[in-house]
Each structure stands twice: as C-alpha cells, then as structure tokens.
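Novice:
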Amino acid sequence: MNPGPHRRNASRSADLYDRAVSVMPGGNTRTTVFTRPHPSYAARGAGPRVWDVDGRAYIDLINNYTSLIHGHATPEIVAAICEQAASGTCFSMPTESEIALAELICARVASVERIRFANSGSEGVMMAVKAARAFTGRAKIAKVEGSYHGSYDYMEVSEDSTPSNWGETQPAKVPYSRGNAPSMLDEVVVLPLNDLEQADRILRRHGDELAAVIVDPLAARIGLIPAERDWLALMRRLCDQFGIVLISDEVISFRVARGGAQQAFGFRADLTALGKIIGGGLPIGAVGGRADIMRVFDPTGGKPDVPHGGTFNANPMTMIAGRVAMEMMTDETYAALAEGGARLAAGIVKALADAGREGQVSGLASLRRVHFNARPLRDYRSAYPTDPEREQMAAFYQGLLAAGVLVAPTGLMALSTATTGTVVDEAIHGVRCALGV
Ligand SMILES: Cc1ncc(COP(=O)(O)O)c(C=O)c1O
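6 is the number of the first residue of the sequence shown in our numbering; add one for each residue after it.
1. Using DSSP bridges, identify the partner residues of P231.
2. Have a look at I104 and A379 and give me their C-alpha separation to the nearest angstrom.
3. Please name the residue in R113, V412, E344 and Y339 whose C-alpha comes closest to that of T427.
4. I need the straight-line Cα distance from Y63 to D200, nearest angstrom please.
5. Bridge partners of A217, per DSSP?
6. Could you round the C-beta distance between G265 and V130 to whole angstroms and report it? I think they count as a contact, below 8 Å.
7. Reducing DSSP to helix, strand and coil, say where V311 ends up.
8. Is P288 a contact residue of ligand 1, with contact defined as CB to any heavy atom under 8 Å?
9. Relative to the C-alpha of L440, which residue among V412, L417 and A356 is closest?
10. Near P10, which residues of its chain fall below 7 Å by C-beta distance, leaving aside the five closest residues on each side in sequence?
11. Let me check understanding here. Comparing Cα to Cα, which of V179, R263 and Q365 lies closest to E337?
12. Going along the chain, which unbroken runs of the beta strand (DSSP E) with 3 or more residues stay wholly within the stretch 11–51?
13. Please go through the same chain and pick out, in chain order, the residues whose beta-carbon is closer than 7 Å to the beta-carbon of M189, but skip the five residues on each side of it.
14. Any heavy atom of ligand 1 within a distance shorter than 8 Å of the CB on A224?
15. Hey, how far is the Cα of P8 from the Cα of A19?
16. Grab me the residues of G32's own chain with a C-beta within less than 6 Å of its C-beta, minus the 5 sequence neighbours each way, in chain order.
17. Roughly how many angstroms separate the alpha carbons of M6 and A432, rounded to a whole number?
18. Roughly how many whole angstroms lie between the Cα atoms of A407 and L243?
19. Measuring only the C-alpha atoms, how far is Q186 from A137?
20. Would you list, in sequence order, the uninterrupted alpha helix (DSSP H) runs of no fewer than 4 residues that lie entirely inside the stretch 259–331?
21. Our contact map puts R119 next to G293 with C-beta atoms below 8 Å; I'd like the distance itself, whole angstroms only.
22. Residues in its own chain within less than 8 Å of V83 by CB, not counting five upstream and five downstream?
23. Counting along the chain, where does the alpha helix (DSSP H) carrying I104 start and finish?
24. I want to check one thing, is the minimum distance from the CB of H154 to the heavy atoms of ligand 1 below 8 Å?
25. Any idea if G445 is buried or exposed, counting beta-carbon neighbours within 10 angstroms, 16 or more meaning buried?
26. Please state whether the Cβ-Cβ distance between S152 and I252 is less than 9 Å.
27. May I ask which residues mark the beginning and end of the beta strand (DSSP E) holding E362?
28. List the whole-angstrom C-beta distance separating Q371 from L342, where the pair is believed to meet the contact cut-off of C-beta under 8 Å.
29. Suppose you measure from the CA of R210 to the CA of R61; what does that come to, to the nearest Å?
30. Does the distance from the CB of Y70 to the CB of A413 come in under 9 Å?
31. Could you pull out every residue in the same chain whose Cβ sits closer than 8 Å to the Cβ of W236, ignoring the five residues on either side in sequence?
32. Measure from the C-beta of T100 to each C-beta in chain B and report whether the shortest distance is under 9 Å.
33. For the alpha helix (DSSP H) that R210 lies in, which residues bound it at each end?
34. May I ask you to check if the CB of V256 is nearer than 8 Å to at least one heavy atom of ligand 1?
35. What residue range does the beta strand (DSSP E) around H75 cover?
36. From which residue to which residue does the beta strand (DSSP E) around D59 run?
What follows is the structure, encoded as structure tokens:
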C-alpha cells in the first residue's frame with residue numbers, strides 16, 4: 006500500500022489510518038480524537054494505562070474524556086458486563102437494572118427525584134431542554150459563553166466564539182458550525198460566566214421568555230474555572246423569580262463529589278444532565294430532577310408532553326456497568342481522587358516553576374487543566390489562550406505523548422481510581438520531561 010501524504014512514518018496506526026480514509030471522511034468518526042498527521046489507534050487498556058497498536062504504553066490521564074472513573078477494563082465491571090451479555094444485551098422490555106441505577110442516582114443527588122436514561126450526554130442535555138420548554142411553555146434558553154453541552158443545536162451557540170466575533174461586552178451569539186440553522190440564534194441568550202452584573206441585566210431583560218438557564222459549575226471548555234457561588238446563587242434566584250428551569254450540566258462535573266457538582270458547589274438545580282461516569286464505560290446520558298418537571302415524560306396518561314423513545318435507552322449492559330461503577334464510588338474513593346488531583350496539580354505547578362515557565366492549573370478534585378499563563382481566570386475570555394499559549398500547549402501535548410502520558414490537547418486531565426499515587430508521580434515525571442526539566 007502506498008503511504009498517504011499524512012504518513013508520519015511506517016507504523017500500524019498509519020496503516021490503519023490509510024484504511025480509515027477510504028471509508029470515513031478524513032478517516033474519522035469522532036472529531037475529538039483526530040490528531041495530525043493521524044491518530045494513534047488504541048489496542049487495549051488496563052487500569053491507568055493504555056497501549057496503542059504500535060505497542061507504545063501511555064498513562065491515561067484523560068480516560069475517554071473523563072468517562073472512565075475506574076480506568077480501563079476494571080475487573081468488577083468486566084465481569085458484570087460479561088454476565089449480562091450472556092443473558093442478552095438489550096430487550097424490547099425494561100429490565101430491573103434500570104431501576105437499580107435510577108435508585109442509586111436519586112439517592113445520591115439531592116435534587117434528582119426522578120431520572121430518565123438516554124445514550125449520550127448530548128441527548129441528556131437535549132431532553133433537559135425539551136422538558137424545560139414543555140414545563141414552562143416557553144422556547145428560549147440562556148447558556149454561558151464558551152460552554153460545551155454536546156451537539157444539540159441550541160447548545161452550540163457561542164460554544165467556540167473567538168476574539169474576532171465575540172462582541173464587546175455582552176457576548177455575541179455566534180453559530181458553531183455550518184450545520185446550524187441560523188434561526189437557532191433567535192432562541193438562545195448568552196451570558197458570561199461569573200459576571201453577576203451582566204447576568205442580572207440579561208436575565209431580567211429576557212426572564213419572561215426563557216424556558217431554561219443551563220450552567221456547568223466546572224466547565225471544561227471554559228478552562229475548568231469554577232462557577233462562583235454568588236453567581237450560581239444569582240442564577241437560582243433569578244430562575245425562581247421568573248419561573249425559569251435551572252439546568253445543571255454535570256456530564257463531566259458530576260465526578261467531583263458523591264452528590265455531584267451541585268453538592269460541591271452548594272446549589273440546587275431543577276434538572277440535571279448526566280453522562281460519562283454513570284455508564285461505567287458504556288455509552289450513556291440521563292436527565293433527572295424535580296418530579297413535577299419530569300412528569301412531562303410520564304406516559305401513563307397517554308402521549309406524554311415530551312415523548313422520548315430510544316432503542317438503547319437504559320439497555321441492561323450500560324445500566325449494570327454503571328451501577329457497578331457507581332457502587333464502587335465510596336466517600337473514600339472520592340477523597341482519594343481529590344488527593345490524587347491535588348498531588349498532580351502541585352506536581353505540575355512545581356514543574357512549571359522549575360522550568361521557568363508561566364503557567365497554572367485550574368480545576369477541582371479529579372479534574373484538572375493546564376494553562377500557560379498566570380493571569381486571573383474567571384470566564385471564557387480570560388481563559389481563552391493567546392496564539393503563543395496555544396503553541397506552548399500544542400508542544401506540551403506532543404511532549405507528553407512522547408513521554409507516554411495521554412491528556413486532551415487542551416490540557417484537560419481526568420484521573421481515575423486506578424491513577425494511584427505512584428502512577429500520579431509517574432505522570433508528573435512525564436510532565437517534567439515534556440517541560441524539559
Ligand atoms: C459538559 C458536557 N455536556 C455534554 C456533553 C456531551 O456528552 P456526550 O459526548 O456523551 O454526548 C459533554 C461531552 O464531553 C460535556 O462535556
């Protein structure tokens with residue numbers, strides 16, 4: 006086979022990519038995992054490590070974009086999946102397994118009185134938005150500039166605004182892709198994170214027409230900067246005042262505490278979107294919240310206000326993997342994850358200092374993100390990397406890969422319970438190599 010123009014050097018990954026480009030656009034079926042000249046293809050994972058098809062080993066510090074809370078091929082989860090697979094992977098009937106996972110989550114998250122499962126976080130967010138619209142009889146949604154909530158059109162507004170189009174003070178409404186209908190902009194209001202004065206002004210102006218305000222208390226794409234308690238409290242107050250549904254997107258941030266980000270950040274949402282870790286490594290999404298709002302999905306009186314089919318909703322493979330994974334999340338486990346995250350952050354900060362580089366680490370508990378700047382980070386705009394910062398991040402990412410540490414190209418990292426102290430130290434050593442110290 007002729008090597009394509011993308012080929013870096015002869016490797017099994019390059020061969021696979023040659024096959025991929027003739028059947029998938031750009032050889033890709035998940036934008037997130039594309040890297041130039043071609044991605045390394047995974048062969049297998051075990052605990053905190055993953056191996057590519059060329060035999061290179063990596064410490065996995067991103068864990069399928071934060072979804073593998075116990076790392077790879079966790080024996081308890083593998084056993085549960087195998088047992089379920091042997092008696093059927095999915096049925097045209099509900100199974101007991103969905104009740105067990107629903108009970109577990111309702112017991113842990115104070116604001117979740119009822120829950121419904123879907124197959125991705127995007128779908129969980131979409132169903133939360135639809136529920137809010139049905140409940141309030143309004144259409145518009147307020148979201149935060151730069152926040153990522155998956156691929157539902159309305160949620161994509163101003164998801165990756167840039168200094169060239171984000172407007173002066175009040176965030177401009179910017180479409181994300183050429184696949185968006187321009188009319189979606191009419192249905193969305195954009196707020197800056199942690200700016201109380203603007204949030205107050207914007208939400209008061211649009212309060213009567215808003216179905217929902219959606220927040221992520223620890224938004225990865227906004228630099229993993231915590232939402233401030235005062236700002237979250239203002240959101241809660243204004244939602245109460247105007248009868249708006251407050252949605253917390255915890256698809257990623259749920260992992261920071263047993264009761265989710267709402268427990269860690271001290272606020273109560275009306276609806277919560279979940280995904281990632283609650284599926285135990287299999288595809289999942291969910292929406293949960295106040296029983297009176299969740300009633301929009303209730304089919305017992307005929308067609309519900311918001312029907313929600315889904316061939317694989319609550320399939321028993323995912324439900325069982327999720328339950329086993331979440332049952333393994335005890336108070337001790339959360340404490341150990343937080344300790345590992347703090348140790349990693351401290352190690353990176355020291356490596357940056359030793360390298361004489363400007364930088365900082367944002368985040369909380371097992372979620373951390375590196376920034377090559379020292380300015381105060383408070384919102385999307387302050388976290389937005391300059392061109393030189395972007396170049397430093399790209400070099401850091403490549404340096405980490407060469408040192409055998411896998412993170413997101415944005416510098417996002419997520420520990421698992423398998424990323425124990427010695428593995429964290431190994432990862433810090435990789436960080437030091439990548440920074441040349
Ligand atoms: C905060 C947030 N919401 C929603 C989603 C969408 O989840 P999924 O990729 O499962 O559709 C993501 C995915 O990364 C996310 O980070």
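Ideal Cβ positions, reconstructed from N, Cα and C, are used throughout, including at glycine.
Specialist: In short, the structure shows the following:
1. L223
2. 47 Å
3. E344
4. 40 Å
5. I146 and V250
6. 15 Å between Cβ atoms; not a contact.
7. coil
8. yes
9. A356
10. Below a pLDDT of 50, predicted positions are generally treated as unreliable, and P10, at 45, falls in that range; no measurement from the model is reported.
11. R263
12. 47–51
13. D158, Y159 and V162
14. yes
15. For P8, the predicted structure reports a pLDDT of 39, less than 50, and the residue's modelled location is therefore unreliable. A value from the coordinates is still provided. Each residue's Cα considered, the two are about 8 Å apart.
16. Y22, A25 and V26
17. For M6, the predicted structure reports a pLDDT of 38, less than 50, and the residue's modelled location is therefore unreliable. A value from the coordinates is still provided. So the two alpha carbons sit approximately 37 Å from each other.
18. 49 Å
19. In the sequence as presented, Gln is not what sits at residue 186; that position holds Ala. Near 21 Å, if we compare the C-alpha coordinates of A137 and A186.
20. 265–270 and 296–299
21. 6 Å
22. No residues qualify anywhere along the chain.
23. E101 to R113
24. yes
25. Residue 445 is absent from the structure shown; the chain starts at 6 and stops at 442.
26. When the beta-carbon positions are compared, S152 and I252 stay at least 9 Å from each other.
27. The amino acid at residue 362 is misidentified as Glu; the sequence shows Arg. Per DSSP, R362 belongs to no beta strand (DSSP E) and is neither H nor E.
28. Sequence check: residue 371 is Ser here, not Gln. Rounded, the Cβ-Cβ distance is 4 Å, consistent with contact.
29. 55 Å
30. The Cβ atoms of Y70 and A413 sit closer than 9 Å to each other.
31. Only L198, N199, D200, L201 and A204 meet the Cβ criterion.
32. No chain B is part of this structure, which consists of one protein chain only.
33. L201 to H211
34. Yes; taking the cut-off as 8 Å, the Cβ of V256 has a heavy atom of ligand 1 nearer than that.
35. Element bounds for H75: n/a, residue is neither H nor E.
36. From DSSP, D59 is part of no beta strand (DSSP E); its letter is neither H nor E.
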